[in-house]
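*Asks:* Have a look at this one.
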Amino acid sequence: MIAVTIITGFLGAGKTTFLNQIIKQNSSKKFAIIENEFGEINIDSQLVISTNQNIFELSNGCICCSLNGDLSSLLNKLVTSDYNFDHLIIETTGIADPSAVAAVFLSDYNIQTVFKLDGVICLVDTQNVLNILGVEEVASKQIAFADFLLYNKASTVSETLKTEISKTVKTINPFAEMAFCDFSETQTPDLLDLQAYQNKKASFMLSIHPTQKQTYFFAQQHSHNHIVSQGYRITESLDLLKIRHYFTVMLFIQGAYFYRIKGLLNIEGYDKRLIIQSVKGAPVFTEGEAWQAGENRETLIVFIGKSLKREILEKSLKQCIYKP
Numbered sequence: 024m025i026a027v028t029i030i031t032g033f034l035g036a037g038k039t040t041f042l043n044q045i046i047k048q049n050s051s052k053k054f055a056i057i058e059n060e061f062g063e064i065n066i067d068s069q070l071v072i073s074t075n076q077n078i079f080e081l082s083n084g085c086i087c088c089s090l091n092g093d094l095s096s097l098l099n100k101l102v103t104s105d106y107n108f109d110h111l112i113i114e115t116t117g118i119a120d121p122s123a124v125a126a127v128f129l130s131d132y133n134i135q136t137v138f139k140l141d142g143v144i145c146l147v148d149t150q151n152v153l154n155i156l157g158v159e160e161v162a163s164k165q166i167a168f169a170d171f172l173l174y175n176k177a178s179t180v181s182e183t184l185k186t187e188i189s190k191t192v193k194t195i196n197p198f199a200e201m202a203f204c205d206f207s208e209t210q211t212p213d214l215l216d217l218q219a220y221q222n223k224k225a226s227f228m229l230s231i232h233p234t235q236k237q238t239y240f241f242a243q244q245h246s247h248n249h250i251v252s253q254g255y256r257i258t259e260s261l262d263l264l265k266i267r268h269y270f271t272v273m274l275f276i277q278g279a280y281f282y283r284i285k286g287l288l289n290i291e292g293y294d295k296r297l298i299i300q301s302v303k304g305a306p307v308f309t310e311g312e313a314w315q316a317g318e319n320r321e322t323l324i325v326f327i328g329k330s331l332k333r334e335i336l337e338k339s340l341k342q343c344i345y346k347p
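For the sequence shown, the numbering used here gives the first residue as 24, with consecutive numbering after it.
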């Protein structure tokens with residue numbers, strides 16, 4: 024299987040610089056790079072071959088191509104070409120929603136037989152991140168959808184502001200790891216092995232006060248401007264048909280308001296966790312690890328979106344609790 028890393032980030036965050044860092048620091052890897060704005064990559068000195076398929080081979084063995092149309096068709100062209108590569112990197116434009124790209128790898132069975140989505144890395148301008156959250160919707164979506172947040176230009180702000188940024192962003196994206204850097208420089212090998220969409224890595228914790236752990240249904244909410252993060256812990260099992268119907272209908276009607284949904288579901292009659300993630304307004308369900316004997320089975324789920332109504336989500340989730 025070929026691992027896929029999606030690089031996103033708002034205009035001027037440093038995505039292309041970071042991409043060049045990846046190529047430089049991972050000389051043993053053979054990358055295929057898909058670039059929405061191909062002209063941004065400074066590869067002129069390395070360019071050795073260009074084909075009529077708009078695929079360019081670099082002297083280090085990597086290949087680059089531009090996305091001019093359908094992503095699925097381009098992926099098929101890469102797979103059936105004579106080029107060998109072991110990792111695919113996609114750099115989105117600064118004003119692109121990364122969930123649209125991720126959806127191809129999570130919802131298309133044919134593509135899943137060749138590629139596996141490893142993670143979404145978002146480059147963030149440390150100086151401006153608190154100003155754009157909830158104001159620039161695309162930038163907010165990029166941060167909310169990310170599995171790893173790389174805060175660039177970090178030396179330009181104080182340690183106090185870094186702490187405030189970490190605390191604020193963590194409330195709206197509780198499962199993204201993060202790091203601060205300058206000039207997009209960081210140790211990239213670990214970032215190419217996030218395994219954010221693998222079953223063993225799909226867990227996360229909700230910060231719930233110990234006295235509330237026995238409550239069968241507990242919700243918490245954080246917000247910044249219009250961005251809302253809501254986390255739920257449900258100790259009673261859920262009805263599979265009801266929860267599938269709930270997510271399908273909810274996202275079909277109000278999908279534009281949800282930036283990210285991620286959860287581990289405790290389904291009545293199932294001996295494995297069910298993982299739910301939303302991608303481009305559609306729910307994606309995958310099997311997780313088996314529940315262990317004596318383990319407390321519970322549902323943990325986080326919704327991130329714009330102006331989400333807590334009372335509506337709570338009422339609908341409670342209706343999905345299994346009743347014999």
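All C-beta atoms, glycine included, are put in the ideal place defined by N, C-alpha and C. This structure is a prediction, so every number in the text was calculated from the model and none was measured.
How far does the alpha helix (DSSP H) with residue 186 in it extend, from its first residue to its last?
*Replies:* Here residue 186 is taken as the residue at index 163 of the sequence shown, counted from 1. 182–195 is the extent of the alpha helix (DSSP H) around residue 186.
*Asks:* Tell me, please, which residues DSSP counts as bridged to residue 24.
*Replies:* In the sequence shown, counting from the first residue as 1, residue 24 sits at position 1. According to DSSP, which records beta bridges pairwise, residue 24 is partnered with nothing at all.
*Asks:* Under 8 Å, with one C-beta from each stretch per pair, do the region 118–137 and the region 310–321 reach the 3-pair mark?
*Replies:* As far as the Cβ criterion goes, the region 118–137 does not touch the region 310–321, which means the pair count is below three.
*Asks:* Quick check: the Cα distance between residue 154 and residue 347, rounded to an integer number of angstroms?
*Replies:* Mapped onto the sequence shown, residue 154 falls at position 131. Mapped onto the sequence shown, residue 347 falls at position 324. When rounded, the distance between both Cα atoms is 49 Å.
*Asks:* Give me the Cβ distance between residue 321 and residue 276, rounded to the nearest whole Å; I'm assuming they're in contact under 8 Å.
*Replies:* Here residue 321 corresponds to residue number 298 of the sequence shown, with the count starting at 1. Here residue 276 corresponds to residue number 253 of the sequence shown, with the count starting at 1. At roughly 27 Å, the Cβ-Cβ gap does not stay under 8 Å, so residue 321 and residue 276 are not in contact.
*Asks:* Excluding the five sequence neighbours on either side, which residues of its own chain have a C-beta within less than 8 Å of the C-beta of residue 125, listed in chain order?
*Replies:* In the sequence shown, the residue the question calls residue 125 occupies position 102. So the qualifying residues of the chain are 29, 140, 143, 168, 302 and 303.
*Asks:* According to DSSP, simplified to helix, strand and coil, what is residue 31?
*Replies:* In the sequence shown, counting from the first residue as 1, residue 31 sits at position 8. Correct three-state label for residue 31: strand.
*Asks:* From the DSSP output, which residues share a beta bridge with residue 252?
*Replies:* Here residue 252 is taken as the residue at index 229 of the sequence shown, counted from 1. According to DSSP, residue 252 bridges with 245 and 327.
*Asks:* Using a Cβ-Cβ cut-off of 8 Å (strictly less than) and excluding sequence neighbours within five positions of residue 204, which residues of its own chain qualify?
*Replies:* Taking the first residue of the sequence shown as 1, we reach residue 204 at position 181. Here the set comprises 173, 174, 175 and 177.
*Asks:* Would you call the CB atoms of residue 127 and residue 94 closer than 7 Å?
*Replies:* Position 104 of the sequence shown, counted from the first residue, corresponds to residue 127. Position 71 of the sequence shown, counted from the first residue, corresponds to residue 94. Closer than 7 Å, so yes.
*Asks:* Classify residue 73 as buried or exposed, calling it buried when 16 or more other Cβ atoms lie within 10 Å of its own Cβ.
*Replies:* In the sequence shown, the residue the question calls residue 73 occupies position 50. The predicted position of residue 73 is uncertain, since its pLDDT is 42 and thus under 50; a value taken from the coordinates is nonetheless stated next. Residue 73 comes out exposed.
*Asks:* With DSSP run on the structure shown, which of helix, strand or coil describes residue 214?
*Replies:* Counted from its first residue, the sequence shown places residue 214 at position 191. Helix.
*Asks:* Suppose you measure from the CA of residue 357 to the CA of residue 162; what does that come to, to the nearest Å?
*Replies:* Residue 357 falls outside the range modelled here, since the chain spans only 24 to 347, and no answer is possible.
*Asks:* Check each candidate in 344, 181, 171 and 243 and name the one with the smallest Cα separation from residue 217.
*Replies:* Looking up residue 217 in the sequence shown gives position 194. Selected option, being the one with the closest Cα: 171.
*Asks:* I'd like the list of long-range same chain contacts for residue 260, defined as Cβ closer than 6 Å, with 5 residues on each side in sequence excluded.
*Replies:* The sequence position of residue 260 within the sequence shown is 237, counting from 1. Same-chain partners within the cutoff: 289, 291 and 345.
*Asks:* Is it buried or exposed, residue 62, if we count other Cβ atoms within 10 angstroms and call 16 or more buried?
*Replies:* Mapped onto the sequence shown, residue 62 falls at position 39. The predicted position of residue 62 is uncertain, since its pLDDT is 43 and thus under 50; a value taken from the coordinates is nonetheless stated next. Burial call: exposed.
*Asks:* I'd like to know whether the C-beta atoms of residue 328 and residue 282 end up nearer to each other than 7 Å.
*Replies:* The residue labelled residue 328 in the question sits at position 305 within the sequence shown. The residue labelled residue 282 in the question sits at position 259 within the sequence shown. Yes; because the gap between Cβ atoms is below 7 Å, this pair is in contact.
*Asks:* Have a look at 335, 338, 294 and 27 and flag the residue whose alpha-carbon is nearest the alpha-carbon of residue 318.
*Replies:* Here residue 318 corresponds to residue number 295 of the sequence shown, with the count starting at 1. If we check each option's Cα against that of residue 318, 294 comes out closest.
*Asks:* To the nearest angstrom, how far is it from the Cα of residue 208 to the Cα of residue 114?
*Replies:* Position 185 of the sequence shown, counted from the start, is the residue given in the question as residue 208. Position 91 of the sequence shown, counted from the start, is the residue given in the question as residue 114. Roughly 17 Å separates the two Cα atoms.
*Asks:* Taking the C-alpha atoms as reference points, what is the distance between residue 296 and residue 323?
*Replies:* Within the sequence shown, the letter at position 273 stands for residue 296. Within the sequence shown, the letter at position 300 stands for residue 323. Computed Cα separation, rounded: 11 Å.
*Asks:* Around the Cβ of residue 271, are there at least 16 other Cβ atoms within 10 angstroms (buried) or fewer (exposed)?
*Replies:* Within the sequence shown, numbered from 1, the residue matching residue 271 stands at position 248. Burial call: exposed.
*Asks:* Looking at the strands, I want to know which residues DSSP matches up with residue 142.
*Replies:* Locating residue 142 in the sequence shown gives position 119, where the first residue counts as 1. Paired residue(s): 28.
*Asks:* Tell me which same chain residues have a C-beta within less than 7 Å of the C-beta of residue 165, skipping the five on either side of it?
*Replies:* The count along the sequence shown starts at 1 and reaches residue 165 at position 142. The residues are 31, 32, 33, 121 and 145.
*Asks:* Can you check the region 293–344 for any alpha helix (DSSP H) of at least 4 residues that lies completely inside it and give the ranges in chain order?
*Replies:* Here the runs fully enclosed are 333–342.
*Asks:* Suppose you measure from the CA of residue 159 to the CA of residue 316; what does that come to, to the nearest Å?
*Replies:* Translated into the one-based positions of the sequence shown, residue 159 becomes position 136. Translated into the one-based positions of the sequence shown, residue 316 becomes position 293. Cα to Cα, residue 159 sits roughly 46 Å from residue 316.
*Asks:* I need the DSSP call for residue 55, collapsed to helix, strand or coil.
*Replies:* In the sequence shown, residue 55 corresponds to position 32, counting from 1. Strand at residue 55.
*Asks:* How many angstroms separate the CA atom of residue 330 from the CA atom of residue 210?
*Replies:* On the sequence shown, residue 330 is found 307 positions in, with the first residue counted as 1. On the sequence shown, residue 210 is found 187 positions in, with the first residue counted as 1. Cα-Cα distance, rounded: 36 Å.
*Asks:* Count the other CB atoms, across all protein chains shown, that sit within 10 Å of the CB of residue 300; report buried if there are 16 or more and exposed otherwise.
*Replies:* Residue numbering aside, residue 300 sits at position 277 when the sequence shown is read from its first letter. Classification for residue 300: buried.
*Asks:* Distance check for residue 279 and residue 26, CA to CA, integer angstroms please.
*Replies:* By one-based count along the sequence shown, residue 26 stands at place 3. By one-based count along the sequence shown, residue 279 stands at place 256. Answer to the nearest angstrom: the Cα atoms are 28 Å apart.
*Asks:* Out of 332, 306, 49 and 314, point me to the one whose CA is closest to residue 129's CA.
*Replies:* Here residue 129 refers to the residue found at position 106 when the sequence shown is read from its first residue. Measuring from the Cα of residue 129, the nearest candidate turns out to be 306.
*Asks:* Counting only the same chain and skipping the five closest in sequence on each side, list residues whose C-beta sits under 6 Å from that of residue 266.
*Replies:* Within the sequence shown, the letter at position 243 stands for residue 266. If we look at residue 266 and ignore the five residues flanking it on each side, its Cβ neighbours are 343.
*Asks:* Measuring only the C-alpha atoms, how far is residue 191 from residue 104?
*Replies:* Mapped onto the sequence shown, residue 191 falls at position 168. Mapped onto the sequence shown, residue 104 falls at position 81. Cα to Cα, the separation comes out at about 45 Å.
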